[in-house]
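A.B. asks: My questions will all concern the structure given below.
2 protein chains.
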Amino acid sequence: MANDSVTRRMRPNVGEAAGAAPGSGAGSGSGSAKEAQPPTPLGHDGTSGVPLYRALQRRLTHALAEGQWKPGEALPSESRLSMQYAVSIGTVRRAIDELVAGKILVRQQGRGTFVAAHTADRLLFHFFHVVARSRGSTRSTERPVTAPREMPSTSLRKFRRMPAPAGIAQDLGIARGAPVLHIENLLELGGRAVILDEISISARIFPDLDRHRFEQRSGTIYGLYQQAYGISVVRSNERLSAVACPASIAQPLGLAPGHPVLSIRRIAYTYADRPVESRVSWVDTREHEYLSDLWKNDPDHER
Amino acid sequence: MANDSVTRRMRPNVGEAAGAAPGSGAGSGSGSAKEAQPPTPLGHDGTSGVPLYRALQRRLTHALAEGQWKPGEALPSESRLSMQYAVSIGTVRRAIDELVAGKILVRQQGRGTFVAAHTADRLLFHFFHVVARSRGSTRSTERPVTAPREMPSTSLRKFRRMPAPAGIAQDLGIARGAPVLHIENLLELGGRAVILDEISISARIFPDLDRHRFEQRSGTIYGLYQQAYGISVVRSNERLSAVACPASIAQPLGLAPGHPVLSIRRIAYTYADRPVESRVSWVDTREHEYLSDLWKNDPDHER
DNA sequence: TTCGATTTGTTCGTATGTATT
DNA sequence: TAATACATACGAACAAATCGA
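Dropping the structure here:
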């Protein structure tokens, strides 16, 4: 079998929680420790039942929530992280794996691991589920569901500050009556008004956001949340129903009142499952439909 | 650096594609080959750019499609698979990982890895997305979205054989006019008719399925497909829209014709993305809604 | 353009922990 | 108790992509 020089570890990190003289360092030869940060061991006594990689994952998630690395920025390399946290590189990879699967991080071979940013692409494929109605999905060519999604153009219709109604307060986890910003946004697809969005966000989380700033944003709304307020929407939860269109909604959509529309109640969350936005979308599904591909995964979604 | 005794491998499996005398077996020491099956190396010349674990994953998927292991049965253990395919156990785990994530396989520590079966639970959490309308999602208690789903009771309304219309033929990837079974099923939730399903399946894939066999099934419909015909639905794709309820649908649902209903077009697929079923569901969303939790993952969904 | 350093991706191997039978 | 099987963790080597000198 050869090779007994390997340090016979027995849980490397049994230093109990805080404190723990860093220099001791088992594993990975003593030398070359120059310039290296003192390792910040995970508080992990091995008896807790929590796997190491999950503890690290949690640590990374918290760091992300605190904005330690900005969207688009690179995390420290895997080898650096493995040193900083005194775990093996495999454990680091495992911790990152799930964050990548959740689209919170993005890995690029040869470059690094990056915090996912709210680009138009991401929005389209991860949060925007309304597509042109397709009869005859091409088939035969193997790539059935990469529907040619289209970037909507938006126009702001209302922007006002108001006290949170009960339902929205509950959605956002804030007190009833707390100030919220209520935004009404009309979305066009193919030159046609298709969706009316009613967006509610806590005014405390988005201070000094006003009509002008909202309209002058350069990218998507979630991009604005992220770039201007450091809030990354990473997940959303939607409940759909078919209802008769209220008159106030019907008008901007060019529908007769009472016409069936798709009503979507979405709650959008940031890192620690904290709600950020409550949104009701009214969708005219005469020419469009809601696509729920639960789920083609994305094993091979090149590009 | 010490330790040069490690076998200097250079791609173990370079045996070129088919044929390849099995006995030659590079890697994994010569001994202990008793009783072991001759390894069936993956045709993998290392230059193809296809990772080993993905080749193995494909191999496993094909084996599943052929019914090599029945639903509920255990696969060979990871160590056995690693011997059979002459890859490391880590590579086996990696290949299985994605199948587990896709709910095609289920791992149980200490027991084995099993082919997912269509139990009621699986149906409810993976394919059935209509839940009672919730105002005030409990919040506060950390487990927000494990909605208390309810098993629907069903009653068959129609069962007939007919030539496939164009749209359904396309959905199912069969010739127009080929025989299909068309099934109409009414679903009740809480003693109330909520969903009308119109199901279309190829009669060639489900020979001798008749009204009686369909009604006498013991479990879910997908369970019937699986147990009686060896066809496992592993994925589905749904397109939703809001429409005015046709009279023929309105009647069984106890709705006025023209009332808004949610229309869901689903195509259900088996292993190699082969379509199995085309279904249109009409949902009365006055007391229920469609839940699209894209996606809470299921990192910690104990139970 | 080439080359080397850096970083993620793949594969192997080993040891040990924990659940099941 | 012992054997089996999956789960976690570590480490090594090499492949492939990227980027700057």
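From first to last, the protein sequence lines stand for chains A and B. So that you can map any letter, position 86 of the first sequence is 85 in numbering that gives the first Met the number 0, and since no number is skipped, the others follow by simple counting. So that you can map any letter, position 243 of the second sequence is 242 in numbering that gives the first Met the number 0, and since no number is skipped, the others follow by simple counting. Glycine is no exception: its CB is placed at the ideal position from the N, C-alpha and C atoms.
By the three-class DSSP mapping on this structure, what secondary structure does Arg159/A have?
C.D. replies: Note: Arg159/A maps to strand in three-state DSSP.
A.B. asks: Taking Cβ positions only, does Asp196/B come closer than 8 Å to chain A?
C.D. replies: Output row for Asp196/B: interface = no.
A.B. asks: State yes or no: is the beta carbon of Ser240/B nearer than 8 Å to at least one beta carbon in chain A?
C.D. replies: For Ser240/B, the answer is yes, since a Cβ of chain A falls inside 8 Å of its Cβ.
A.B. asks: Determine, for Asn323/A, whether the minimum Cβ-Cβ distance to residues of chain B falls below 8 Å.
C.D. replies: Nothing can be reported for residue 323/A: it is not among the residues displayed for chain A, which extend from 0 to 302.
A.B. asks: Measuring only between beta-carbons, confirm whether Thr284/A sits less than 8 Å from chain B.
C.D. replies: Thr284/A counts as touching chain B.
A.B. asks: Would you report the Cα separation of Leu180/A and Gly166/A, rounded to the nearest angstrom?
C.D. replies: Taking the straight line joining both Cα atoms gives about 14 Å.
A.B. asks: I'd like the span of the alpha helix (DSSP H) that includes Ile194/B, first residue to last.
C.D. replies: Not the alpha helix (DSSP H): Ile194/B falls in the beta strand (DSSP E), residues 191 to 201.
A.B. asks: Sorted by chain position, which residues of the same chain lie with C-beta nearer than 6 Å to Phe242/B's C-beta, five sequence neighbours on each side aside?
C.D. replies: Sequence check: residue 242/B is Val here, not Phe. Only Ser262 meet the Cβ criterion.
A.B. asks: Taking 7 Å as the limit between beta carbons, can you name the residues of its chain near Gly253/B, skipping five residues before and five after?
C.D. replies: Result list for Gly253/B: Ala192, in chain order.
A.B. asks: Excluding the 5 residues flanking Ala119/B on each side, which residues of the same chain have their C-beta closer than 7 Å to its C-beta?
C.D. replies: These residues qualify, in order along the chain: Met150, Gly218, Thr219.
A.B. asks: Run through DSSP, which three-state label would Arg175/B get?
C.D. replies: If DSSP states are grouped into helix, strand and coil, Arg175/B belongs with coil.
A.B. asks: Which runs of the alpha helix (DSSP H) spanning at least 4 residues fall entirely within the region 238 to 266 of chain A, listed in chain order?
C.D. replies: Segments of the alpha helix (DSSP H) lying fully in the region 238 to 266 of chain A: 246 to 252.
A.B. asks: Here's a check: name, in chain order, each residue in its chain whose Cβ is nearer than 8 Å to the Cβ of Val308/B, leaving out the five neighbours to either side.
C.D. replies: One cannot answer for residue 308/B here, as it falls past the ends of chain B, which runs 0 to 302.
A.B. asks: Provide the residue(s) that pair with Ile182/B in DSSP beta bridges, ordered along the chain.
C.D. replies: Note: Ile182/B sits in a beta bridge opposite Phe158/B, Ile198/B.
A.B. asks: Quick check on Tyr224/A: does DSSP put it in helix, strand or coil?
C.D. replies: Three-state result, Tyr224/A: helix.
A.B. asks: Just confirm the distance between the C-beta atoms of Glu94/B and Gln56/B, as a whole number of angstroms; I'd bet it's less than 8 Å.
C.D. replies: Residue 94/B is actually Ala in this sequence, not Glu. About 4 Å separates the two Cβ atoms, so the contact holds.
A.B. asks: I want to verify the contact list: residues of chain B whose CB lies under 7 Å from the CB of Leu188/A, in sequence order.
C.D. replies: By Cβ distance, chain B contributes nothing, its closest Cβ being about 14 Å from Leu188/A, past 7 Å.
A.B. asks: Report yes or no: is there a C-beta of chain B within less than 8 Å of the C-beta of Tyr52/A?
C.D. replies: No, no contact with chain B.
A.B. asks: Given this structure, state the Cα-to-Cα distance separating Ser76/A from Lys102/A, to the nearest angstrom.
C.D. replies: Cα to Cα, the separation comes out at about 18 Å.
A.B. asks: Closer than 7 Å by C-beta to Glu202/A: which residues in its own chain qualify, once you throw out the five before and the five after it? Chain order, please.
C.D. replies: One detail in the question is off: residue 202/A reads as Ala in this sequence, not Glu. Contacts found: Arg160, Pro178, Val179, Leu180.
A.B. asks: By the 7 Å beta-carbon criterion, what residues does the region 256 to 281 of chain A contribute toward chain B?
C.D. replies: So the list reads Pro259, Val260, Leu261, given in the order they occur along the chain.
A.B. asks: So with Cβ pairs under 8 Å, would you call Ala64/A a contact of chain B?
C.D. replies: Output row for Ala64/A: interface = no.
A.B. asks: Tell me which same chain residues have a C-beta within less than 8 Å of the C-beta of Glu183/A, skipping the five on either side of it?
C.D. replies: These residues qualify, in order along the chain: Leu155, Arg156, Lys157, Phe158, Leu195, Asp196, Glu197, Ile198.
A.B. asks: Since Glu288/A meets chain B, which of its residues come closer than 7 Å, beta carbon to beta carbon?
C.D. replies: Here the neighbours are Arg238, Leu239, Ser240.
A.B. asks: For Thr153/B, which three-state DSSP category applies?
C.D. replies: Thr153/B: strand per DSSP, three-state reduction.
A.B. asks: Mind checking Arg142/B: buried by the 16 CB within 10 Å criterion, or exposed?
C.D. replies: Only weak support exists for where Arg142/B lies, its pLDDT of 39 falling under 50; the value from the coordinates is given anyway. By the neighbour-count rule (16 or more Cβ atoms within 10 Å), Arg142/B is not buried but exposed.
A.B. asks: From the DSSP output, in three-state form, read off Arg106/B for me.
C.D. replies: Residue state, collapsed to three classes: strand.
A.B. asks: What residues of chain A sit near Ala243/B, judged by a beta carbon separation below 9 Å?
C.D. replies: Result: His258, Pro259.
A.B. asks: Nearest CA to the CA of Gly66/A: which residue from Arg234/A, Val114/A, Arg110/A, Ser78/A?
C.D. replies: Taking only the C-alpha atoms, the option nearest Gly66/A is Val114/A.
A.B. asks: Can you list the residues of chain A that Asp292/B reaches, using a CB-CB cut of under 7 Å?
C.D. replies: Within 7 Å Cβ-Cβ: Asn236.
A.B. asks: Please name the residue or residues paired with His125/A in a DSSP beta bridge.
C.D. replies: Answer is none; His125/A lacks a bridge partner.
A.B. asks: Answer yes or no: the CB of Ala174/A versus the heavy atoms of the ligand GDP, is any distance below 7 Å?
C.D. replies: Absent from the structure shown: the ligand GDP. Ligands present: none.
A.B. asks: Below 8 Å CB to CB, which residues in the same chain sit around Gln107/B once its five sequence neighbours on both sides are set aside?
C.D. replies: Phe113, listed in sequence order.
A.B. asks: Rounded to the nearest angstrom, what separates Trp303/A and Glu288/A at their Cα positions?
C.D. replies: Nothing can be reported for residue 303/A, as the shown portion of chain A is limited to 0 through 302.
A.B. asks: Are Leu290/A and Arg238/B touching if we call contact CB-CB under 8 Å?
C.D. replies: Contact flag set, yes.
A.B. asks: For Asp207/B, is the classification buried or exposed, using 16 other Cβ atoms within 10 angstroms of its Cβ as the cut-off for buried?
C.D. replies: By the 10 Å Cβ count, Asp207/B comes out exposed.
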